[in-house]
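Residue numbers (my numbering): 7 to 266.
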């Protein structure tokens, strides 16, 4: 492990998250993380291949989707890994839209549907993404309404809530989420003392953190988040002020539509 480590940048910022888990040079870290999420035993997941994170568009009118990390596992499964540091409007719809593309883009003209491999999304969220549950790790599938058996095994979404880490029993996964959630050097070093994989993860993170260009991108991303949060708070205050002035809901909605 490196001596005199620089201030380590937070893996919760998507730019750093992508560098950490989306690089061929240290894909063993990604394999370890995915194995912890999906329950693979050590050595069961042999390899992964990273794909272009831009989703293929069938026409010029299709939305352009850009994933954080997209990979194909040695068993053929397609994996999308996303870091969601903040809640955004319609985030669940966006994730469903992206995941559907992970299926459709597998087939070319004339390919049989039997060629389809499972497409699984892993969402790491630093907010209460699933308020309906107190679980840290929630898994979503397409199930029969009353008897709860799956339609097939082609679609699965894993949501990992960093805010509910204390509710997680999976020790291996909890260690990885602790690493992603860490902000102080001491927290990273504690994990490095648990397992060699975290020694490497800290070294890789330290290398990224010492790069001036990466730090510039990191600070720019934080500024963007702060500016967006400030705009949201300002808009919320304006709406509350309108209600206090006696405007009705319909009148407030009309004013907002005129501003947009």
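Cβ coordinates follow ideal geometry from the N, Cα and C atoms, glycine included. Everything numeric in this text was worked out from a predicted model, so none of it was measured.
Is it true that the CB of residue j sits closer than 8 Å to the CB of residue i?
| i | j | result |
| --- | --- | --- |
| residue 24 | residue 75 | yes |
| residue 156 | residue 166 | no |
| residue 197 | residue 183 | no |
| residue 125 | residue 105 | yes |
| residue 4 | residue 84 | This structure cannot settle anything about residue 4, because the visible part of the chain is limited to 7 through 266. |
| residue 18 | residue 186 | yes |
| residue 130 | residue 179 | no |
Got a sec? Which residues, its chain only, sit under 6 Å from residue i by beta carbon, not counting five neighbours each side?
| i | result |
| --- | --- |
| residue 203 | 38 |
| residue 210 | 32 |
| residue 188 | 194 |
| residue 53 | 80 |
| residue 223 | 21 |
| residue 63 | Residue confidence for residue 63 is low, a pLDDT of 39 falling below 50, so the modelled location carries little weight; the figure read from the coordinates is stated next. Within the same chain, residue 63 has no close Cβ partners at all. |
| residue 227 | 19 and 21 |
Check whether chain D comes within 8 Å of residue i, counting only Cβ atoms and requiring the distance to be less than that.
| i | result |
| --- | --- |
| residue 108 | Here chain D cannot be found, since the structure has a single protein chain. |
Using alpha carbons as the reference points, say which of the options lies closest to residue i.
| i | options | result |
| --- | --- | --- |
| residue 206 | 31, 134 and 101 | 31 |
| residue 158 | 128, 122, 168 and 179 | 122 |
| residue 163 | 175, 177 and 143 | 143 |
| residue 181 | 111, 201, 153 and 57 | 201 |
| residue 212 | 41, 97, 225 and 191 | 191 |
| residue 161 | 110, 20, 248 and 227 | 110 |
| residue 97 | 117, 135, 116 and 115 | 135 |
| residue 45 | 230, 228, 176 and 220 | 176 |
| residue 29 | 41, 49 and 55 | 55 |
Considering residue i, what are the terminal residues of the alpha helix (DSSP H) in which it resides?
| i | result |
| --- | --- |
| residue 179 | 177-187 |
| residue 39 | 33-44 |
| residue 84 | Counting along the chain, residue 84 falls outside any alpha helix (DSSP H), though it belongs to the beta strand (DSSP E) covering 84-90. |
| residue 144 | Counting along the chain, residue 144 falls outside any alpha helix (DSSP H), though it belongs to the beta strand (DSSP E) covering 143-146. |
| residue 25 | 20-27 |
| residue 215 | 202-215 |
| residue 194 | 191-198 |
Near residue i, which residues of its chain fall below 7 Å by C-beta distance, leaving aside the five closest residues on each side in sequence?
| i | result |
| --- | --- |
| residue 173 | 140, 141 and 142 |
| residue 27 | 35, 36, 39, 75 and 87 |
Just checking my contact of residue i with residue j at CB under 8 Å: how many whole Å lie between their CB atoms?
| i | j | result |
| --- | --- | --- |
| residue 93 | residue 146 | Not really, about 17 Å apart at Cβ, beyond 8 Å. |
| residue 128 | residue 43 | 5 Å |
| residue 103 | residue 77 | Not a contact, Cβ separation roughly 19 Å. |
What are the boundary residues of the beta strand (DSSP E) that includes residue i?
| i | result |
| --- | --- |
| residue 102 | Segment 97-110 is the alpha helix (DSSP H) holding residue 102; no beta strand (DSSP E) there. |
| residue 126 | 125-131 |
| residue 56 | 54-56 |
| residue 162 | 161-167 |
Excluding five sequence neighbours on each side, which residues of the same chain lie with their C-beta closer than 8 Å to the C-beta of residue i?
| i | result |
| --- | --- |
| residue 101 | 88, 127, 129 and 163 |
| residue 113 | 119, 121 and 122 |
| residue 220 | 15, 21, 22, 25 and 214 |
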